[in-house]
Amino acid sequence: SGYHRVLEENRKLYNEVQDLKGSIRVYCRVRPFFPGQRNQFSAVENIEDETITVSIPSRNGKGQRSFNFNKVFGSSATQAEVFLDMQPLIRSVLDGYNVCIFAYGQTGSGKTYTMTGPKEITEKSQGVNYRALSDLFMIADQRKDTFHYDVYVQMIEIYNEQVRDLLVTDGTNRRYPFIKIRSSSHKGLSVPDASLVSVSSTFDVIDLMNLGHRNRAVGATALNDRSSRSHSCLTVHVQGRDLTSGATTRGCMHLVDLAGSERVDKSEATGDRLKEAQHINKSLSALGDVIASLAHKNSHVPYRNSKLTQLLQDSLGGQAKTLMFVHISPESDAIGETISTLKFAERVATVELGAARVNK
Ligand code: ADP
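For the sequence shown, counting from 1, position 205 maps to 484 in the numbering used here; every step adds exactly one.
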């Protein structure tokens with residue numbers, strides 16, 4: 280009957296949320312070849328639901344290596360398919376959980392495509408950021424008779440351990456009359472000086488993200504594709520109030536597009552380039568260290584070792600739900616970076632599986 284169906288659905292939902300709590304899930308996505316690249320050799324041998332097999336060139340012919348994750352998306356996966364699995368996470372932000380989704384991989388592997396979309400974004404090619412926010416507003420609307428939600432966003436960039444607010448408007452705020460720029464002296468905010476903007480629809484968010492992307496590009500012209508060498512983070516704060524009991528919830532979601540993970544040859548890089556590389560290496564390994572010590576349930580978690588981990592502190596560990604989305608390029612030329620990306624991801628995934636088994 281209808282009643283039992285609702286019960287069953289609630290039970291399923293509850294299990295989904297329990298499954299995700301306090302764990303780190305790892306997804307992998309392979310970028311398609313570019314149109315002019317059809318004759319290139321592919322490093323990817325095989326993809327199954329949770330396994331990716333890559334070929335490794337070796338002296339005596341060709342070797343293979345398989346890696347297991349919670350999910351592997353091949354190059355034909357659509358933006359909608361990729362997002363489908365994240366929907367329970369988005370729902371849980373409205374229930375007061377902290378969520379962190381981040382994209383990891385070498386420059387050009389598709390991180391920005393997954394999180395934001397291609398250069399010209401259509402409804403079909405919208406990335407996780409847009410879909411997450413429109414889901415959030417859709418669910419809030421479905422619950423409007425019982426809950427009231429306030430949603431605020433921040434958008435920042437971390438470059439060379441410096442945090443930069445991407446929602447500054449140099450006095451042209453009037454173009455966004457629906458937006459209240461608030462001083463974010465709110466309790467519990469990770470970047471106290473960055474603009475915190477109240478939003479009430481997906482349209483507000485699209486406008487703001489466009490502003491953020493324009494501001495990010497301004498930095499890029501000065502320093503030649505700076506975007507691949509900085510982390511960008513869209514943070515969504517959700518405050519909920521139960522209209523009957525008055526009880527409140529507070530959830531937060533970080534959507535992070537990390538700097539390219541490729542190793543810069545130390546013997547070649549000098550000056551600014553070397554400094555950037557060192558900052559990126561430092562913050563990505565700080566992230567790895569935090570994840571590892573969470574998985575081992577260490578009493579001390581080294582959040583303070585980088586700006587990135589400080590920012591994500593509330594959304595990593597404890598009751599938070601974390602999804603790491605690793606990206607790889609398909610070309611056989613990229614196999615060196617691909618293997619090191621997959622190994623990093625495997626380290627994260629293996630400790631997660633170990634921790635999950637202990638919980639059961
Ligand atoms: P990254 O952010 O890792 O540096 P990008 O997201 O900029 O990489 O991707 C590099 C290029 O490949 C872009 O032109 C992007 O639009 C394209 N691309 C990446 N992933 C996909 C995909 N799954 N489908 C189609 N094009 C993609």
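Backbone N, C-alpha and C fix where the C-beta goes; we use that ideal spot for every residue, glycine too.
Taking a contact as a CB-CB distance under 8 Å, the pair Asn408 and Met394 counts as one, their CB atoms being some 6 Å apart. The residue from Ser611, Ala411, Ser506, His492 with its alpha-carbon nearest to that of Ile335 is Ser611. Here Pro397 is exposed: its Cβ has fewer than 16 other Cβ atoms, across all protein chains shown, within 10 Å.
Within the DSSP bridge table, the entry for Gln433 names Thr514 as partners.
Not one heavy atom of the ligand ADP sits closer than 6 Å to the Cβ of Lys561.
Unbroken beta strand (DSSP E) stretches of 3 residues or longer found wholly inside the region 302–389: 303–309, 323–326, 330–337, 340–347, 350–352, 377–384, given in chain order. Burial check for Pro314: the Cβ neighbour count within 10 Å stays below 16, so the residue is exposed. Under the 8 Å Cβ criterion, the region 369–386 counts as touching the region 594–604, having at least three qualifying pairs. Rounded to whole angstroms, the separation of the alpha carbons of Leu563 and Ser404 is 28 Å. Exclusion of Gly567 from the 6 Å shell around the ligand ADP follows from its C-beta lying no nearer than that to any non-hydrogen atom of the ligand. Rounded to the nearest whole angstrom, the C-alpha separation of Gln385 and Glu360 is 22 Å.
If you draw a straight line from the Cα of Ile369 to the Cα of Val333, it is about 32 Å long. Taken through DSSP and simplified to helix, strand or coil, Ile607 comes out as strand.
With a cut-off of 8 Å on Cβ pairs, the region 515–522 is in contact with the region 414–426, counting three or more such pairs. Taking the Cβ of Tyr392 as the reference point, at least one heavy atom of the ligand ADP falls within a distance shorter than 6 Å. For Gly387, the Cβ falls inside the 6 Å cut-off from some heavy atom of the ligand ADP.
Taken from the Cβ of Arg508, every heavy atom of the ligand ADP lies 6 Å or farther away. Checking the 6 Å criterion, the Cβ of Pro367 is out of range of every heavy atom belonging to the ligand ADP.
DSSP places His533 within a strand segment (E or B) once states are collapsed to three.
For Gln441, the enclosing beta strand (DSSP E) begins and ends at 441–444. Here the distance from the Cβ of Pro336 to the nearest heavy atom of the ligand ADP is not below 6 Å. Spatial neighbours of Lys561 in its own chain (CB-CB distance under 7 Å, excluding positions within 5 residues in sequence) are listed in chain order as Ser585. With fewer than 16 other beta carbons inside 10 angstroms of its own, Ser355 counts as exposed. Per DSSP, Ser477 is one residue of the beta strand (DSSP E) stretching across 475–478.
With a cutoff of 7 Å on beta-carbon distance, Ser388 and His579 are scored as not near each other. Taking the CA atoms as reference points, Asn577 sits about 25 Å from Glu440. The alpha-carbon of Val447 is positioned some 28 Å away from that of Met603. Under the 10 Å beta carbon count, Ala526 is surrounded by fewer than 16 other beta carbons and is classified as exposed.
Residues Ala565, Asp568, Val569, Ser572, Thr588 of the same chain have their beta carbon placed closer than 8 Å to that of Pro581, with the five preceding and five following residues left out of the count. The secondary-structure analysis by DSSP pairs Lys600 across a beta bridge with Val378.
Within the same chain, and ignoring the five residues on either side of Ser540 in sequence, the residues whose Cβ sits closer than 7 Å to its Cβ are Tyr383, Gly384, Gln385, Leu563, Thr620. Just so you know, the alpha carbons of Lys600 and Ile303 end up roughly 7 Å apart. In the three-state reduction of the DSSP assignment, Gly519 falls in the strand class, which pools E and B.
Remark: the C-beta of Pro314 is outside contact range of the ligand ADP, defined as less than 6 Å to any heavy atom.
Beta-carbon to beta-carbon, Ile437 and His510 are separated by about 4 Å, close enough to satisfy the 8 Å threshold.
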